[in-house]
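For reference, the structure discussed in these notes is given below.
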Amino acid sequence: LAACGENESASSSGSDSGSDSGGIEKMTLKVGHTLSDTSHYQEGLKKFKELVEEKSDGQITVEIFPNGSLGGEREMIEGLDIGTVDMVLSSTGPMSGFAPEVTVVDLPFLFRDADHAHKVLDGEIGQDLLKKLESEGMKGLSWWENGFRNVTNNVRPVEKPEDLKGLKLRTMENEIHMAAFEEMGADPTPMAFPELFTALQQGVVDGEENPVPVIWSSRFYEVQDYLTMTRHVYNPSIMLISKSKFDGYSEEVQNLLLESSKEAGDYERQVVQDMEDKYLSQLEEKGMNVITDVDLEPFEKAVQPVYDKYSEQFGKDLIENIKNTK
Ligand code: PAF
Numbered sequence: 225l226a227a228c229g230e231n232e233s234a235s236s237s238g239s240d241s242g243s244d245s246g247g248i249e250k251m252t253l254k255v256g257h258t259l260s261d262t263s264h265y266q267e268g269l270k271k272f273k274e275l276v277e278e279k280s281d282g283q284i285t286v287e288i289f290p291n292g293s294l295g296g297e298r299e300m301i302e303g304l305d306i307g308t309v310d311m312v313l314s315s316t317g318p319m320s321g322f323a324p325e326v327t328v329v330d331l332p333f334l335f336r337d338a339d340h341a342h343k344v345l346d347g348e349i350g351q352d353l354l355k356k357l358e359s360e361g362m363k364g365l366s367w368w369e370n371g372f373r374n375v376t377n378n379v380r381p382v383e384k385p386e387d388l389k390g391l392k393l394r395t396m397e398n399e400i401h402m403a404a405f406e407e408m409g410a411d412p413t414p415m416a417f418p419e420l421f422t423a424l425q426q427g428v429v430d431g432e433e434n435p436v437p438v439i440w441s442s443r444f445y446e447v448q449d450y451l452t453m454t455r456h457v458y459n460p461s462i463m464l465i466s467k468s469k470f471d472g473y474s475e476e477v478q479n480l481l482l483e484s485s486k487e488a489g490d491y492e493r494q495v496v497q498d499m500e501d502k503y504l505s506q507l508e509e510k511g512m513n514v515i516t517d518v519d520l521e522p523f524e525k526a527v528q529p530v531y532d533k534y535s536e537q538f539g540k541d542l543i544e545n546i547k548n549t550k
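All you need for our numbering is the position in the sequence shown, starting with 1, plus 224.
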């Protein structure tokens, strides 16, 4: 892969000789994400930057590109291969187009809570899923978090699946999410995230679904009236780098990146929790009608056909193992 630093010394694969720190070559890593600079992704990546720069004695510099300035998630993942970006923090949403096996985690109502998800993803199952990225030319350094997704819209309060009927709802470009919303009666419309705010503002779609920290940091309260805490999908994120780039680094650099990603990812998961606690009430103050007390059973029942459709593809045992992880 070609290096993509902004100048010669900022080349991520450059053979720069400046290696005063235990043989680590000087380089810059460009990391892209789609969220704003007030988001949980940005907070986690600031921690990652701090850790990498400290552990490498300043030999490695991390540059963060927020706001989809390097493209939407799918586009940036493609960019790993072309070399327009070195690392991407992406949710698993776009993975159905790259490594569909990984999207088992996108099944609705699969995880009971964040602790359950962390146990699965940090354990053998999650590590096996990350390995599946390798045959697609990617290395998943560790699992991070986007959070439990919730429905917002501009038409009516959603309290039961029937209320979703006919709502044009933007989803990620993810087959499973789309199938789930079809079963719940909505009209799912896949769209890259950078187009979403304008699409909501102009009424191209009636609603969308995202975790509270996204709804807050992307200011969706300015263009959406109703929020229901449906928590229909736990959405993890992955810190991605191209496999060939990763393989080209010394063991010291590989370990440094792996350790920093794990530590920053754990920190970022806490930020997600803190932001959800803090911003849910503030969304109400901004004028959103927020429904927290919702009977999720009918929603869970409505999406059962999605399990029937995908359980063979992912394997019934894998789904059971995930569900039964305590
Ligand atoms: O809705 C999405 O596309 C994702 O949740 C986002 C905001 C890009 C974060 O990964």
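Beta carbons: idealized from backbone N, C-alpha and C, even for Gly.
It is roughly 11 angstroms from the alpha-carbon of P381 to the alpha-carbon of G431.
S314 is bridged by DSSP to I462. Closest in alpha carbon position to K363, among G347, L331, S314, T376, is S314.
The secondary-structure analysis by DSSP pairs L451 across a beta bridge with T376, V514.
DSSP, reduced to helix, strand and coil, places P290 outside both helices and strands of the structure shown, so it counts as coil.
Placement of the Cβ of G317 at a distance of less than 7 angstroms from at least one heavy atom of the ligand PAF is found. For V495, the uninterrupted alpha helix (DSSP H) run begins and ends at 475-509, by DSSP. If you ignore the 5 residues before and after K389, its C-beta comes within less than 8 angstroms of the C-beta of G409, A410, all in its own chain and listed in chain order. By the Cβ test, the region 393-406 is not in contact with the region 336-348, since fewer than three Cβ pairs between them sit closer than 8 angstroms. Remark: the C-beta of T252 is outside contact range of the ligand PAF, defined as less than 7 angstroms to any heavy atom.
Put simply, of E383, F272, V429, E274 the residue whose alpha carbon is nearest the alpha carbon of E521 is E383. If you draw a straight line from the Cα of W367 to the Cα of S461, it is about 6 angstroms long.
Residue pairing of K363 in beta bridges, as defined by DSSP: I465. In this chain, N434 is not harboured by any alpha helix (DSSP H); it is covered by the beta strand (DSSP E) spanning 431-434. Counting other Cβ atoms within 10 Å of its Cβ, K355 stays below 16 and is therefore classed as exposed. No residue range can be given for G247, since it is assigned to no alpha helix (DSSP H) and is classified by DSSP as neither H nor E. Taking 7 angstroms as the cut-off, one finds no heavy atom of the ligand PAF near enough to the beta carbon of E492. At the C-beta level, G296 and P414 stay beyond 8 angstroms of one another.
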